[in-house]
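Undergrad: Mind having a look at this structure? Questions to follow.
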Amino acid sequence: MLRQTVKQIILKLFPELSAGLHLPRFARVLNVHDAPADGGTSERFRPRYAVDLEVLTPDGERDEDFPVYEAVQLPVPVGCGQEAGLYGFPEPGVIVEIGFAYGRPDHPLVRHIYPQGMSLPEISMGQQRWQQSAAVFQTVDKDGNWRRETDMAIIDKSLKREVEAVENREDFSREQRKIRENSIEEIGGVKTLEALGALRLRSGGSAGLISVDNINLTTGRDMNVIIAQDRKEVVGRHHASTVKGNRDEIVVGSKAEDIGGDHTESVGGKRTTDIGGDATATIGGKSTEKVTGNKTIEAPFINLQATTIRMGQSGTGISLLPTITAFMEEVRL
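Quick note: the sequence shown uses our numbering, first residue 155, plus one each step.
What follows is the structure, encoded as structure tokens:
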């Protein structure tokens, strides 16, 4: 009798004991009740980050003694704050642990979420994994290696980004970069850029290529250089050019050539010079021209000015000046 009296007193003081609200129970997620959008505020009567639940019996069946609870708040495991924290809704059918704050049936809450009846991702001892699906996950293994993978897009946005690594390797099918301001790349060793299709470098301003050592340009086919205005070339030492085929040069305007040393020109075949205007040659020293064949000069008038003009073979011949002088004397007589 005393025991029954004590029990009645206790149940009156703690009504949650008679309803079993002090015990943790399993419940099944039915659906997401009211997902937040655009920073929606969580309140008691509209928690937003919440799910609808049905309480289960120890055998995993629905407990008819409990109603379907709507909008039961979910726990935030890490970093809960104003628009902050780690969030993620459980799928319908997931088992959770439900409790009742203050032992009141109108204060249900989700304490923990369990993967009972769900297929689990592959995970080993010492590994940590955050996974949305089999194709979308982020994991760190027991050795500390990170891996992030998705079959969709990854978008990173930040005010400043710093990446430091001993070795970096990237593999893309396509790449497009847009840099709104300056770009500086500093390489301590050798950089190799290989393009199997084509390589195009474009500049809206000037372009400069500077090298302390050699610069080598090699092409298996043609090389075209188009310059809209002036071209200036300065060679500190020698300039060697080898053309194994023909070479054509067209100068629409004037051409000036200034050689400080010797000028040697060797032509294996014929040489043709076509001058539309006058031709003047000034030689400060001797001039020798050797023709192994015949030489023909055609002109309406030939003016030769010299003290002595000698014609004939080497070491012989006649001097034209005495002959012409004598001829002029005879004409006067």
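Even for Gly, the Cβ is constructed at its ideal location relative to N, Cα and C.
Between the stretch 270–280 and the stretch 290–298, do three or more beta carbon pairs fall short of 8 Å?
TA: At 8 Å Cβ cutoff, the stretches touch.
Undergrad: Note the first and the last residue of the continuous beta strand (DSSP E) segment covering L263.
TA: Mapped onto the sequence shown, residue 263 falls at position 109. Note, L263: beta strand (DSSP E), 262–268.
Undergrad: With a Cβ-Cβ cutoff of 8 Å, do V230 and E251 count as a contact?
TA: Residue numbering aside, residue 230 sits at position 76 when the sequence shown is read from its first letter. Residue numbering aside, residue 251 sits at position 97 when the sequence shown is read from its first letter. Cβ distance not < 8 Å, so V230 and E251 don't count as in contact.
Undergrad: Please classify P262 as buried or exposed, where buried requires at least 16 other C-beta atoms within 10 Å of its C-beta.
TA: Against the sequence shown, residue 262 aligns to sequence position 108. Counting Cβ neighbours within 10 Å, P262 comes out buried, since at least 16 surround it.
Undergrad: If you measure between the beta carbons of N185 and P269, is that distance less than 8 Å?
TA: Counting from 1 along the sequence shown, the entry for residue 185 is found at position 31. Counting from 1 along the sequence shown, the entry for residue 269 is found at position 115. Taking 8 Å as the Cβ cut-off, N185 and P269 do not qualify as a contacting pair.
Undergrad: Assuming V248 contacts V183 under a Cβ cut-off of 8 Å, what Cβ separation, rounded to an integer in Å, is found between them?
TA: Numbered from its first residue, the sequence shown carries residue 248 at position 94. Numbered from its first residue, the sequence shown carries residue 183 at position 29. Their Cβ separation, rounded to whole angstroms, is 5 Å, which keeps V248 and V183 in contact under 8 Å.
Undergrad: Between the stretch 211–223 and the stretch 196–203, are three or more C-beta pairs nearer than 8 Å?
TA: No: fewer than three Cβ pairs fall under 8 Å.
Undergrad: Label L228 either buried or exposed according to how many other C-beta atoms from any shown protein chain fall within 10 Å of its C-beta, with 16 as the threshold for buried.
TA: Here residue 228 is taken as the residue at index 74 of the sequence shown, counted from 1. L228 comes out buried.
Undergrad: Starting from the Cα of I413, find the closest Cα among L347, V226, G242, H393 and give me that residue.
TA: Numbered from its first residue, the sequence shown carries residue 413 at position 259. When each option's Cα is compared against that of I413, the closest is H393.
Undergrad: Does G235 come out as helix, strand or coil in the three-state DSSP assignment?
TA: In the sequence shown, residue 235 corresponds to position 81, counting from 1. Residue state, collapsed to three classes: strand.
Undergrad: Return the bridge partner residues of R157 from the DSSP annotation.
TA: Here residue 157 refers to the residue found at position 3 when the sequence shown is read from its first residue. Bridge partners of R157: none, in fact.
Undergrad: List the DSSP bridge partners of D310.
TA: Position 156 of the sequence shown holds residue 310. Answer by DSSP bridge pairing: none, since D310 is not bridged.
Undergrad: Give me the Cα-Cα distance between R157 and H176, rounded to the nearest whole angstrom.
TA: What you label residue 157 is simply residue 3 of the sequence shown in a count that begins at 1. What you label residue 176 is simply residue 22 of the sequence shown in a count that begins at 1. If I take the Cα positions, the gap works out to 21 Å.
Undergrad: Do A204 and A225 have their C-beta atoms closer together than 8 Å?
TA: Position 50 of the sequence shown holds residue 204. Position 71 of the sequence shown holds residue 225. It is a contact, given that the beta carbons lie within the stated cut-off.
Undergrad: Ends of the beta strand (DSSP E) at N400?
TA: Stepping through the sequence shown from its first residue, residue 400 is reached at position 246. Premise fails: N400 is in no beta strand (DSSP E) and is neither H nor E.
Undergrad: For the candidate residues A288, S312, W300, whose alpha-carbon lies nearest to that of M306?
TA: Sequence index remark: in the sequence shown, residue 306 carries index 152 (1-based). Minimum Cα distance to M306 is reached at A288.
Undergrad: Can you check which of these residues, E321, R315, P244, Q292, is closest to T304 by C-alpha distance?
TA: On the sequence shown, residue 304 is found 150 positions in, with the first residue counted as 1. Ranking the options by Cα distance to T304, first place goes to Q292.
Undergrad: Express the C-alpha separation of Q383 and E348 in angstroms, rounding to a whole number.
TA: On the sequence shown, residue 348 is found 194 positions in, with the first residue counted as 1. On the sequence shown, residue 383 is found 229 positions in, with the first residue counted as 1. Cα to Cα, the separation comes out at about 31 Å.
Undergrad: Note down, in chain order, each residue of its chain lying with its Cβ closer than 7 Å to the Cβ of D217, except the 5 sequence neighbours on either side.
TA: Taking the sequence shown and counting its residues from 1, one reaches residue 217 at position 63. V209, L210, T211, listed in sequence order.
Undergrad: With the cut-off set at 8 Å, would you say V232 and G239 are in Cβ contact?
TA: As a working mapping, residue 232 is identified with position 78 in the sequence shown. As a working mapping, residue 239 is identified with position 85 in the sequence shown. Result yes, Cβ atoms of V232 and G239 sit closer than 8 Å.
Undergrad: For the beta strand (DSSP E) holding N185, just list the boundary residues, first then last.
TA: Locating residue 185 in the sequence shown gives position 31, counting from the first residue. Note, N185: beta strand (DSSP E), 179–186.
Undergrad: For the beta strand (DSSP E) containing R354, list its first residue and its last residue.
TA: Stepping through the sequence shown from its first residue, residue 354 is reached at position 200. Careful: R354 lies outside any beta strand (DSSP E) and carries neither H nor E.
Undergrad: Given P275, which residues of its chain have a CB within under 8 Å of its CB, disregarding the five upstream and five downstream residues?
TA: Working through the sequence shown from its first residue, we reach residue 275 at position 121. Hits under 8 Å: R283, Q285, A288, F291.
Undergrad: Exposed or buried, which one is Y256 when buried takes at least 16 other CB atoms within 10 Å?
TA: Position 102 of the sequence shown, counting from 1, holds the residue named residue 256. So Y256 ends up on the exposed side.
Undergrad: Work out the CA separation of R385 and V379 for me, nearest whole Å.
TA: Within the sequence shown, numbered from 1, the residue matching residue 379 stands at position 225. Within the sequence shown, numbered from 1, the residue matching residue 385 stands at position 231. Computed Cα separation, rounded: 11 Å.
Undergrad: Give the DSSP bridge partners of L210, in chain order.
TA: Mapped onto the sequence shown, residue 210 falls at position 56. DSSP output for L210 lists R216 as bridge partner(s).
Undergrad: CA-CA distance, R425 and E419?
TA: Stepping through the sequence shown from its first residue, residue 425 is reached at position 271. Stepping through the sequence shown from its first residue, residue 419 is reached at position 265. So the alpha carbons of these two residues sit roughly 11 Å apart.
Undergrad: Which runs of the beta strand (DSSP E) at least 3 residues long sit entirely within the stretch 283–339? Give them in chain order.
TA: The stretch 283–339 contains these whole beta strand (DSSP E) runs: 290–294, 300–303.
Undergrad: Would you mind working out which of G399, I369, G438, K440 sits nearest D376, comparing C-alpha positions?
TA: For the purposes of this step, residue 376 is identified with residue 222 of the sequence shown, where counting begins at 1. The shortest Cα separation from D376 among G399, I369, G438, K440 belongs to G399.
Undergrad: Give the secondary structure of G271 by DSSP, where H, G and I count as helix, E and B as strand, and everything else as coil.
TA: As a first step, residue 271 must be located in the sequence shown, where it is residue number 117. The answer is coil: DSSP assigns G271 none of H, G, I, E or B.
Undergrad: According to DSSP, E251 sits in a beta bridge with which residue or residues?
TA: Here residue 251 is taken as the residue at index 97 of the sequence shown, counted from 1. Answer is F180, H266.
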